[in-house]
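Below: the structure, in structure tokens.
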Amino acid sequence: MGIQVVRGDITTLNVDAIVNAANTSLLGGGGVDGAIHRAAGPELLEACRAIGGCPTGEARITPGFALPARWVIHTVGPVWHGGQGGDEQLASCYRNVFRLVRAHGIRTVAFPSISTGAYRFPVQRAVPIALAEARAALVDNPGLEQVVFVCFDSVVFEAYRSAAGIS
Ligand code: AR6
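Here's what the structure looks like:
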């Protein structure tokens, strides 16, 4: 229940929804986006093509197809350019994902570390934003049971664990 921090590959998780760190085309890419498309199969690309893209800070939902997760929620994080501008866009990603979570009655959702890979958003800056939005969503949405942060590498894992107060 509540917030969980795990290390691993998000495509293997048995949750209602996994979140994809996509780009504005929604047509796939590297990193977690590539892994999710490979694991979900070609129908995911077709579903994304039909949506026709997603602006930075927004989110869109598709089925999970061959994934264990029933849904994929695609969001587009900001590219890091320095300064404060990206913080609000990153928070907006999480808020828009949680809006879809509520609308679809999703009880368990897993996130990758949005924007902190290819988009170079500093992990130490991204983690408190992610945790604050997750805590707010758990308070606001009684149907939401579990928010899992899935960390692919040890730097991200340690950043989440220390910020979440997990030893
Ligand atoms: N499970 C969980 N986390 C993963 C996995 C996985 N299978 N694979 C990578 N990560 P990134 P971004 C971690 O670059 O920074 C794509 O090309 C990774 O270690 O995937 O939002 C899109 O199409 C890092 O901690 O996403 C966009 O063009 C985190 O996921 C662009 O990259 C995010 O890294 C988006 O860049």
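Just add 682 to wherever you are in the sequence shown, counting from 1, and you've got the working numbering. Cβ coordinates follow ideal geometry from the N, Cα and C atoms, glycine included.
Of all the options ALA722, GLY767 and TYR842, which has the alpha carbon lying nearest to the alpha carbon of LEU749?
-> ALA722
When we look at the beta-carbon of GLU815 and count the other beta-carbons within 10 Å, is it buried (16 or more) or exposed?
-> buried
CB of VAL701 within 7 angstroms of CB of ILE743, strictly | no
On the three-state DSSP scale, how would you describe ALA703?
-> strand
Cα-Cα separation, PHE831 to ARG789 | 15 angstroms
What are the uninterrupted segments assigned as alpha helix (DSSP H) that are 4 or more residues long and contained completely in the segment 756-791, given in chain order?
-> 767-785
Could you pull the start and end residues of the beta strand (DSSP E) that ARG689 belongs to?
-> 684-689
Interface flag, PRO804 vs chain D, CB-CB below 7 angstroms | Absence of chain D from the displayed structure is noted, only one protein chain being present.
Cα-Cα separation, PHE839 to ILE685 = 14 angstroms
Bounding residues of the beta strand (DSSP E) (the contiguous stretch that carries VAL830) | 828-833
LEU727 versus ASN823 - alpha carbon distance = 30 angstroms
Report, in whole angstroms, the separation of the C-beta atoms of ARG752 and ALA818, which I expect to be a contact under 8 angstroms.
-> About 24 angstroms; that fails the 8 angstroms criterion.
For ligand 1, residues whose Cβ lies under 6 angstroms from any non-hydrogen atom = ASP691, ILE692, THR693, ALA703, ALA704, ASN705, GLY711, GLY712, GLY713, VAL714, ASP715, ALA717, GLY759, PRO794, SER795, ILE796, SER797, THR798, GLY799, ALA800, TYR801, VAL832, PHE834, ASP835 and VAL838
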